[in-house]
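FYI, the numbering for the sequence shown is 38 to 200, going by the numbering used here.
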Amino acid sequence: MKKVAVIMGSDSDLKTMQGAVDMLREMEIPFTVRVISAHRTPDMAREFASTAEENGFGAIICGAGKAAHLAGAFAANCTLPVIGVPIKSSTLDGLDALLSTVQMPAGMPVATVAIDGSANAALLAAQMLALSDEALNARLKAYRARQTEKVLKKDAEIQAQFA
Ligand code: RP5
Numbered sequence: 038m039k040k041v042a043v044i045m046g047s048d049s050d051l052k053t054m055q056g057a058v059d060m061l062r063e064m065e066i067p068f069t070v071r072v073i074s075a076h077r078t079p080d081m082a083r084e085f086a087s088t089a090e091e092n093g094f095g096a097i098i099c100g101a102g103k104a105a106h107l108a109g110a111f112a113a114n115c116t117l118p119v120i121g122v123p124i125k126s127s128t129l130d131g132l133d134a135l136l137s138t139v140q141m142p143a144g145m146p147v148a149t150v151a152i153d154g155s156a157n158a159a160l161l162a163a164q165m166l167a168l169s170d171e172a173l174n175a176r177l178k179a180y181r182a183r184q185t186e187k188v189l190k191k192d193a194e195i196q197a198q199f200a
């Protein structure tokens with residue numbers, strides 16, 4: 038099974054990126070977690086991205102805050118799908134990271150999720166890998182069914198409360 042790389046620009050991003058790690062665990066997807074910075078360790082970013090495919094990765098999740106160029110730097114150095122998580126780590130409440138991550142030029146896509154939306158990044162990666170993995174596809178469908186059940190339960194509780 039292909040692995041997913043969870044990359045963050047700083048260890049201070051871990052509290053946000055933990056959501057991706059938890060979701061990958063829930064989906065039983067093998068993963069690697071690394072701190073690699075587009076600005077502070079640019080050579081390492083290039084090396085990881087350019088060898089990711091041959092190292093067995095199927096998707097890369099990049100979380101970064103402030104002038105968040107991490108996802109773009111990875112996208113520039115591989116053709117694997119790169120999912121960007123803009124992180125709220127600045128006085129601009131993550132809007133800086135959102136714009137830095139989402140506004141990629143034509144030809145170099147980064148699939149960008151919501152500010153701090155790391156769990157959705159993991160789910161997107163799971164959906165990509167599930168295209169060629171039936172067991173993972175079944176786990177995704179089961180996850181959706183559990184989610185639906187939770188909402189139906191809450192709806193019933195709210196209805197009872199206001200009956
Ligand atoms: C970004 O700057 C990182 O992704 C992090 O969100 C932010 C702050 O990094 P630290 O100064 O806490 O290492 O590059």
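We put the CB at the ideal spot given by N, CA and C, even for glycine.
Selection from 74, 99, 118 and 90 that minimises the alpha carbon distance to residue 164: Within the sequence shown, residue 164 is the residue found at index 127, counting from 1. Looking at the Cα atoms, 118 is the closest of the given residues.
Do the segment 90-104 and the segment 39-51 meet, that is, are 3 or more Cβ pairs less than 8 Å apart? yes
Check whether residue 64 and residue 155 have beta carbons under 8 Å apart: Here the question's residue 64 lines up with position 27 in the sequence shown. Here the question's residue 155 lines up with position 118 in the sequence shown. Not a contact, by the Cβ cut-off of 8 Å.
With three or more C-beta pairs closer than 8 Å as the rule, is the segment 61-81 touching the segment 101-112? yes
Within the segment 103-155, ranges of the alpha helix (DSSP H) (whole runs, at least 4 residues): 107-113 and 132-139
For the putative contact between residue 134 and residue 103, defined by C-beta atoms under 8 Å, what is the C-beta separation to the nearest angstrom? Taking the sequence shown and counting its residues from 1, one reaches residue 134 at position 97. Taking the sequence shown and counting its residues from 1, one reaches residue 103 at position 66. Indeed, because the Cβ distance is near 6 Å, the residues count as touching under 8 Å.
For the structure I just gave you, are there three or more beta carbon pairs, one from the segment 141-148 and one from the segment 167-180, closer than 8 Å? no
Name the residue from 48, 59 and 130 whose alpha carbon lies nearest to the alpha carbon of residue 71. Within the sequence shown, the letter at position 34 stands for residue 71. Looking at the Cα atoms, 48 is the closest of the given residues.
Compare the C-alpha of residue 136 against each of 128, 152 and 168 and name the closest. On the sequence shown, residue 136 is found 99 positions in, with the first residue counted as 1. The shortest Cα separation from residue 136 among 128, 152 and 168 belongs to 152.
Less than 7 Å between the CB of residue 45 and some heavy atom of ligand 1, yes or no? Working through the sequence shown from its first residue, we reach residue 45 at position 8. Correct: residue 45 has its Cβ closer than 7 Å to ligand 1.
For ligand 1, is there any heavy atom lying closer than 7 Å to the beta carbon of residue 153? Working through the sequence shown from its first residue, we reach residue 153 at position 116. No, the Cβ of residue 153 stays beyond 7 Å of every heavy atom of ligand 1.
Could you give the C-beta distance for residue 123 and residue 148, rounded to a whole number, given that I count them as a contact under 8 Å? Taking the sequence shown and counting its residues from 1, the one referred to as residue 123 is at position 86. Taking the sequence shown and counting its residues from 1, the one referred to as residue 148 is at position 111. No, residue 123 and residue 148 are not in contact; Cβ-Cβ is about 12 Å, not under 8 Å.
Using a Cβ-based criterion (distance less than 7 Å to any ligand heavy atom), does residue 124 qualify as near ligand 1? Within the sequence shown, numbered from 1, the residue matching residue 124 stands at position 87. Residue 124 Cβ: within cutoff of ligand 1.
Could you check where the alpha helix (DSSP H) with residue 85 kicks off and where it finishes? Counting from one through the sequence shown, the residue named residue 85 turns up at place 48. Its alpha helix (DSSP H) spans residues 79-88.
At the level of alpha carbons, what is the spacing between residue 61 and residue 146? Taking the first residue of the sequence shown as position 1, residue 61 is located at position 24. Taking the first residue of the sequence shown as position 1, residue 146 is located at position 109. Spanning the two alpha carbons is a distance of roughly 22 Å.
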